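Worksheet: one structure, shown below.
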Amino acid sequence: MSRKNVVVVGHGMVAHRFVEALRVRDEQGDWSVTVLGEETDAAYDRVGLSSYVGSWNRKELALAGNDYAADDLVDLRVGTRAVGIDRAARTVTTAGGDVLRYDSLVLATGSYPFVPPVPGHDLPDCFVYRTLDDLDGIRAAARRAEATGRAGVVIGGGLLGLEAANALRLLGVTPHVIEYNNRLMPAQVDEGGGRVLDRLVTDLGLVTHLGVGTAKIASGPEGLQVNLSDGSVIEAGLVVFSAGVRPRDELAREAGLELGGRGGVLTDRSCRSTADAAVYAIGECAAVDGTCYGLVAPGYSTAEVVADRLVGGTAEFPGADMSTKLKLLGVDVASFGDAHATTPGALEVVLSDSAKGTYAKLVVSDDAKTLLGGILVGDASAYGTLRPLVGRELPGDPATLISPAGEKPGAGSLPDDAEVCSCNGVTKGAICDAIAEGACDIAQIKSCTSAGTTCGGCLPSVKQLLARSGVQMSKALCEHFEQSRAELFQIVQATGIRTFSALIAQYGTGHGCDICKPVVASILASTDSDHILHPKQAGLQDTNDHFLANIQKNGTYSVVPRMPGGECTPEQLIVIGEVARDFGLYVKMTGGQRVDLFGARVEQLPQIWKRLVDAGMESGQAYGKSLRTVKSCVGSTWCRYGVQDSVRMAVALELRYRGLRSPHKLKMGVSGCARECAEARGKDVGVIATENGWNLYVCGNGGQSPKHAQLLAGGLDDETLVRYIDRFLMFYIRTADRLQRTAPWLEALEGGLEHLKEVVCDDALGIADDLEAAMAKHVGGYKDEWAGVLEDPEKLARFVSFVNAPEQPDPTVRFDDSGPRKVPVLVGMPGIGPGTGA
Numbered sequence: 001m002s003r004k005n006v007v008v009v010g011h012g013m014v015a016h017r018f019v020e021a022l023r024v025r026d027e028q029g030d031w032s033v034t035v036l037g038e039e040t041d042a043a044y045d046r047v048g049l050s051s052y053v054g055s056w057n058r059k060e061l062a063l064a065g066n067d068y069a070a071d072d073l074v075d076l077r078v079g080t081r082a083v084g085i086d087r088a089a090r091t092v093t094t095a096g097g098d099v100l101r102y103d104s105l106v107l108a109t110g111s112y113p114f115v116p117p118v119p120g121h122d123l124p125d126c127f128v129y130r131t132l133d134d135l136d137g138i139r140a141a142a143r144r145a146e147a148t149g150r151a152g153v154v155i156g157g158g159l160l161g162l163e164a165a166n167a168l169r170l171l172g173v174t175p176h177v178i179e180y181n182n183r184l185m186p187a188q189v190d191e192g193g194g195r196v197l198d199r200l201v202t203d204l205g206l207v208t209h210l211g212v213g214t215a216k217i218a219s220g221p222e223g224l225q226v227n228l229s230d231g232s233v234i235e236a237g238l239v240v241f242s243a244g245v246r247p248r249d250e251l252a253r254e255a256g257l258e259l260g261g262r263g264g265v266l267t268d269r270s271c272r273s274t275a276d277a278a279v280y281a282i283g284e285c286a287a288v289d290g291t292c293y294g295l296v297a298p299g300y301s302t303a304e305v306v307a308d309r310l311v312g313g314t315a316e317f318p319g320a321d322m323s324t325k326l327k328l329l330g331v332d333v334a335s336f337g338d339a340h341a342t343t344p345g346a347l348e349v350v351l352s353d354s355a356k357g358t359y360a361k362l363v364v365s366d367d368a369k370t371l372l373g374g375i376l377v378g379d380a381s382a383y384g385t386l387r388p389l390v391g392r393e394l395p396g397d398p399a400t401l402i403s404p405a406g407e408k409p410g411a412g413s414l415p416d417d418a419e420v421c422s423c424n425g426v427t428k429g430a431i432c433d434a435i436a437e438g439a440c441d442i443a444q445i446k447s448c449t450s451a452g453t454t455c456g457g458c459l460p461s462v463k464q465l466l467a468r469s470g471v472q473m474s475k476a477l478c479e480h481f482e483q484s485r486a487e488l489f490q491i492v493q494a495t496g497i498r499t500f501s502a503l504i505a506q507y508g509t510g511h512g513c514d515i516c517k518p519v520v521a522s523i524l525a526s527t528d529s530d531h532i533l534h535p536k537q538a539g540l541q542d543t544n545d546h547f548l549a550n551i552q553k554n555g556t557y558s559v560v561p562r563m564p565g566g567e568c569t570p571e572q573l574i575v576i577g578e579v580a581r582d583f584g585l586y587v588k589m590t591g592g593q594r595v596d597l598f599g600a601r602v603e604q605l606p607q608i609w610k611r612l613v614d615a616g617m618e619s620g621q622a623y624g625k626s627l628r629t630v631k632s633c634v635g636s637t638w639c640r641y642g643v644q645d646s647v648r649m650a651v652a653l654e655l656r657y658r659g660l661r662s663p664h665k666l667k668m669g670v671s672g673c674a675r676e677c678a679e680a681r682g683k684d685v686g687v688i689a690t691e692n693g694w695n696l697y698v699c700g701n702g703g704q705s706p707k708h709a710q711l712l713a714g715g716l717d718d719e720t721l722v723r724y725i726d727r728f729l730m731f732y733i734r735t736a737d738r739l740q741r742t743a744p745w746l747e748a749l750e751g752g753l754e755h756l757k758e759v760v761c762d763d764a765l766g767i768a769d770d771l772e773a774a775m776a777k778h779v780g781g782y783k784d785e786w787a788g789v790l791e792d793p794e795k796l797a798r799f800v801s802f803v804n805a806p807e808q809p810d811p812t813v814r815f816d817d818s819g820p821r822k823v824p825v826l827v828g829m830p831g832i833g834p835g836t837g838a
């Protein structure tokens with residue numbers, strides 16, 4: 001078989017989608033694929049570029065499967081720039097001199113940021129906001145600007161401009177946004193929405209300059225001077241240009257391909273170049289019937305069309321939904337359909353509430369029956385059900401659809417052909433079909449339909465469809481309890497039951513298992529201050545809690561003393577060193593600012609802890625589903641950038657929430673400024689200091705699917721901050737499923753972050769006092785678990801390695817101390833020993 005080759009120039013989100021789509025369709029393996037990516041990073045989520053700020057971890061943005069490691073038919077070459085196309089020979093030449101032959105060529109070169117020809121635009125510390133490398137440069141310049149107290153200037157107040165401004169704000173620099181139009185985001189919102197948006201973002205610390213241009217940029221004695229057309233001057237440390245993008249079509253132009261009127265490779269609706277049947281264009285560089293589209297959803301559509309065409313299909317570009325829903329600086333903004341009422345005879349229905357900071361507009365037909373478009377600012381919760389109704393008859397009075405008191409249509413009322421996920425073109429019918437075929441949770445629906453896998457804005461509607469489907473989703477904890485963890489929590493709290501036997505006798509069946517026993521143990525610990533090894537609870541614990549230590553892969557245990565804020569006295573540090581020396585333990589400094597001691601045997605644990613407790617230390621609970629640590633930077637005490645005392649706050653939070661049992665482990669971080677040295681936005685609870693108080697972020701997790709924490713509230717004083725954390729933690733503990741971390745808990749929470757804000761900040765459920773009282777009970781009843789063991793001979797009796805040798809290790813077991821990791825080796829028994837595979 002003679003295999004054909006397609007060369008793809010570019011490796012962004014759309015190019016990656018094309019490669020995936022072609023490999024799925026090309027079942028016979030007729031095509032090999034060569035991908036040339038100019039950036040050194042393989043395809044990453046450019047839509048989520050701003051999330052790179054704070055984490056500075058490139059891997060978090062990488063698209064799944066972007067290296068094609070298991071696919072022999074895909075040759076990915078990152079850091080490789082294409083410099084020429086020979087259409088006659090059907091070859092592409094790279095900057096390194098390689099000449100690649102193609103049967104079909106797919107141009108996915110994307111776009112480039114437009115930099116207006118302002119005098120001084122090419123000075124040092126002038127940037128664009130486009131790639132990960134751009135953000136690395138912006139970060140370095142922002143540090144210099146912060147050190148000198150100078151502002152950051154963003155030229156352009158559109159979508160990317162506000163994202164860039166938010167990045168500067170997170171980097172500790174006051175952002176000034178210059179927009180030539182008289183409102184922010186002029187392409188998405190109208191004047192009314194622009195006024196509300198301007199007020200919301202200025203309340204968050206942005207300085208806006210509307211209706212003015214940039215006259216010139218000049219070098220000053222300590223940075224840059226940005227001169228505006230109204231005569232004002234901004235003393236800046238850096239400038240970021242975000243004035244729109246242009247299709248990147250220089251390769252196509254040099255190859256003689258026909259271009260659109262505003263640039264881009266001119267194609268027909270099959271995305272094939274009008275000048276060369278062997279050349280296709282997808283994404284932002286494609287001018288389909290003369291029009292370039294700058295959103296990811298139409299880009300994905302072009303990728304699917306070309307993949308279909310290469311395997312003999314007849315797909316055509318279906319048109320583009322230019323609707324957008326986004327959250328900028330914590331502010332919801334959505335625009336869909338004919339948002340600016342350009343349709344002849346169109347009517348506008350507007351509801352603006354300046355006090356609440358919300359603006360909603362629906363554009364309807366002249367008889368007010370058909371929805372044409374709309375704009376939502378401040379509250380975009382209705383976007384998921386309104387956008388699919390564009391072009392359809394409204395289910396009721398337009399005003400009621402955007403009124404807070406009006407009845408909102410649910411996703412279930414949409415017709416089957418309504419597009420629920422615009423990014424991936426997934427209809428309500430497709431989602432319902434997937435549910436009918438057995439997809440019974442969000443993860444399964446994502447997997448089989450791709451709905452919600454790009455921006456996630458459609459997930460509330462997907463959840464509604466799942467809830468209405470009639471699919472019976474078992475909420476049973478296990479075969480012994482038909483209730484969920486949250487329901488069992490409520491039962492324990494309401495009945496006062498304090499033993500597993502009483503709970504299973506009244507509300508369950510059988511004798512329990514290794515699923516329900518630890519869950520019930522955690523619930524009992526969360527609702528009372530009994531010791532975790534109380535005789536009625538000790539038998540329920542899993543391996544770690546059974547011995548109050550983390551079991552390691554070689555059967556030994558680790559010991560982790562608590563060090564709130566990373567603080568430790570010299571005397572305590574000496575004791576830790578002596579314990580490690582005397583017991584032959586491996587010492588590891590953790591990322592949570594404490595010391596981990598590895599290699600302890602069970603019978604050694606009480607001896608080790610007695611010495612640590614006598615030195616004034618306590619358990620760091622590294623073994624429990626509970627608070628692990630509160631990481632902090634040195635804050636204003638030592639750091640010249642710190643604006644709040646982060647160490648003091650970290651110590652206070654760790655001492656307050658130590659010992660708090662929860663569905664899964666909890667980690668926190670406190671950063672003394674927006675430079676984020678404590679990595680607070682990667683934690684379940686993250687606190688970041690600002691000049692105006694503390695910003696509280698919640699539900700950030702590591703693991704297989706890392707999630708950044710999201711802003712719950714800003715500008716908080718100490719008392720309000722602690723009160724909100726109290727409420728958040730207890731609400732999570734009461735409602736989360738077994739082993740559910742805070743990020744997936746929030747994703748599954750009906751109403752998501754907005755509902756969580758209503759519960760925690762506004763007390764919408766009227767339970768705030770109850771949540772705070774529960775936390776106060778925990779704080780008042782806290783006792784160190786290891787001190788409790790040392791005081792109780794009955795509990796101490798549990799700590800034996802072998803029943804036949806309670807005080808000495810079994811003579812048939814020798815621990816190999818030759819390296820930092822102890823390995824137990826059985827000796828004196830035939831066929832068992834090192835190297836036998838035992």
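Here the sequence shown is numbered in the UniProt record's numbering, starting from 1 and rising by one per residue.
Even glycine gets a Cβ: it sits at the ideal position worked out from N, Cα and C.
Since the structure is predicted, the reported quantities are computational estimates derived from the model, not experimental observations.
Item, Value
"Secondary structure of LYS707, DSSP reduced to three states", "strand"
"Cβ separation of GLY120 and LYS216, assumed to be a contact under 8 Å, to the nearest whole Å", "5 Å"
"Sub-7 Å separation of SER632 and GLY700 beta-carbons", "no"
"Assigned exposure category for SER662 - 16 Cβ within 10 Å defines buried", "buried"
"Alpha helix (DSSP H) segment containing ILE767, residue limits", "Element bounds for ILE767: n/a, residue is neither H nor E."
"Assigned exposure category for HIS778 - 16 Cβ within 10 Å defines buried", "buried"
"Exposure label - residue 844; buried when at least 16 CB within 10 Å", "A question about residue 844 goes unanswered here, because the residues of the chain that appear run from 1 up to 838."
"Inter-residue spacing [alpha-carbon to alpha-carbon] between ASN166 and PRO175", "8 Å"
"CB contact flag (GLY715, ASN692, <7 Å)", "yes"
"Range covered by the alpha helix (DSSP H) that runs through residue 842", "Summary: the structure shown does not reach residue 842, with the chain confined to residues 1 through 838, and so no result is reported for it."
"Short Cβ contact (7 Å threshold) for VAL659 with TYR557", "This sequence places Gly at residue 659; Val is not what is there. No."
"Limits of the unbroken alpha helix (DSSP H) element including GLU487", "485–495"
"Residue nearest to ALA443 in terms of C-alpha spacing, selected from VAL462, MET13, VAL630", "VAL462"
"Buried versus exposed, by CB contacts within 10 Å (16 or more), HIS16", "buried"
"Rounded separation between ALA525 and LEU712 - CA only", "27 Å"
"Neighbour-count burial assignment, SER111, 16 or more Cβ in a 10 Å radius", "buried"
"Beta-carbon spacing of LEU170, TYR129 below 7 Å", "no"
"Separation of VAL634 from GLY592, as counted between CA atoms", "14 Å"
"Anticipated Cβ contact below 8 Å, CYS432 with LEU477, distance rounded", "Contact flag wrong, Cβ pair sits at about 29 Å."
"Alpha-carbon to alpha-carbon, TYR732 and ALA650", "20 Å"
"Contact belief for residue 844 with ALA164 at Cβ below 8 Å, rounded distance in angstroms", "Nothing in the structure corresponds to residue 844, since the chain is present only between 1 and 838."
"CA-to-CA distance, ALA773 to VAL350, given in whole angstroms", "43 Å"
"For PHE815, the three-state DSSP class (helix, strand or coil)", "Interpretation of PHE815 is limited by its pLDDT of 48, a score under 50 that renders its predicted location unreliable; the figure taken from the coordinates is listed afterwards. Strand."
"Residue ranges of each alpha helix (DSSP H) within the stretch 325–396, 4 or longer", "383–386"
"Assigned secondary structure, VAL698 (DSSP; H/G/I helix, E/B strand, else coil)", "strand"
"Classification of GLN28 by the beta-carbon crowding that lies within 10 angstroms, buried from 16 upward", "exposed"
"Under the three-state DSSP convention, the category THR735 falls into", "helix"
"Per-residue DSSP class, three states only, for THR509", "coil"
"Three-state class that DSSP yields for PRO834 in the structure shown", "Because the pLDDT at PRO834 is just 31, under 50, the model does not fix this residue reliably, and the value given afterwards should be weighed accordingly. PRO834 falls in the coil class under three-state DSSP."
"C-beta atoms of PRO247 and CYS292 nearer than 7 Å", "yes"
"Beta-carbon proximity of CYS440 to ALA451, cut-off 7 Å", "no"
"Counted within 10 angstroms of its Cβ, other Cβ atoms place GLU794 as buried (16 or more) or exposed", "exposed"
"Residue from VAL53, THR590, PHE317, VAL279 whose Cα sits closest to the Cα of GLY172", "VAL53"
"Start and end residues, beta strand (DSSP E) containing TRP31", "31–37"
"Proximity winner among THR214, CYS271, HIS708, LEU739, relative to GLY313 (alpha-carbon distances)", "CYS271"
"Where the alpha helix (DSSP H) through GLN464 begins and ends", "459–468"
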